[in-house]
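For the sequence shown, my numbering assigns the number 1 to the initial residue and increments by one for each residue that follows. We put the CB at the ideal spot given by N, CA and C, even for glycine. What follows is a set of notes on a single structure, which appears directly below.
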Amino acid sequence: FKLADGNHRRLFALSGLLRSIKGQEQLMLDSYERGLEILTELCDEGGATAKDYAMLATILSGRKQHDVAIEYYQSAIDREYDNIAWRIAQARSLVALKRFRDAEDVLQTCLRIQHTHDEARRLLRDVSIMIDAGDIPPAPKQTSDPEMIEDPTLRPPRS
1 FKLADGNHRR LFALSGLLRS IKGQEQLMLD SYERGLEILT ELCDEGGATA
51 KDYAMLATIL SGRKQHDVAI EYYQSAIDRE YDNIAWRIAQ ARSLVALKRF
101 RDAEDVLQTC LRIQHTHDEA RRLLRDVSIM IDAGDIPPAP KQTSDPEMIE
151 DPTLRPPRS
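Quick look at the structure:
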């Protein structure tokens, strides 16, 4: 644990390794939470990479903290404008908060960047229907990003 402390990526990796070891649940959670603490500090101090901001946003979105996740996604997007996956994730958080017009704007930007992006088209269609019908949306489905880590607090340890 001490070798990884101070480095959020190493702490997240350690947490992932500990997940499969019986009896190490508390250490797994501690290493994950410490990694999250370090990542949050890094992002809040402005020294994070675009991927760091997106990673934190994804974790917060998974924890249903969409209002904060939206801001971190925006910080990631500000640093890597063309990243469609982060824009779509941001739009999903906006939908979760019923901010349909904002989600629509984000998705239209996605399609200006990459006009053939199927997921952006589908989500924009769904958001447009929600706007027109005034419907309450189902919980947003998270897409998986291989660079993002899994939040162990959201699932029980593997047996």
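Between residue 94 and residue 100, the alpha-carbon positions lie close to 7 Å from each other. Rounded to the nearest angstrom, the Cβ distance from residue 84 to residue 120 is 6 Å, consistent with a contact under 8 Å.
Counting only residues of its own chain and dropping the five nearest sequence neighbours on each side, residue 60 has a CB closer than 6 Å to the CB of 68, 69.
Membership of residue 49 in any alpha helix (DSSP H) is not indicated, and neither H nor E is assigned to it by DSSP. When DSSP states are grouped into helix, strand and coil, residue 58 belongs to the helix group. The beta carbons of residue 36 and residue 48 sit no closer together than 9 Å.
Cβ neighbours of residue 54 within its own chain (closer than 6 Å, five residues either side excluded): 76, 86. Sequence-distant partners of residue 18 (beyond 5 residues in either direction) whose C-beta falls short of 7 Å from its own C-beta, in its chain, are 24, 27, 28, 31. As the crow flies, the alpha-carbon of residue 108 is around 45 Å from that of residue 21. The straight-line gap separating the alpha-carbon atoms of residue 92 and residue 8 is approximately 25 Å. Residue 15 and residue 33 have their C-alpha atoms roughly 9 Å apart. Counting along the chain, the unbroken alpha helix (DSSP H) around residue 125 starts and ends at 118 to 133.
Here DSSP, grouped into helix, strand and coil, assigns residue 21 to coil. Comparing C-alpha distances from residue 128 to each of 104, 111, 110, 6 shows the shortest one belongs to 104.
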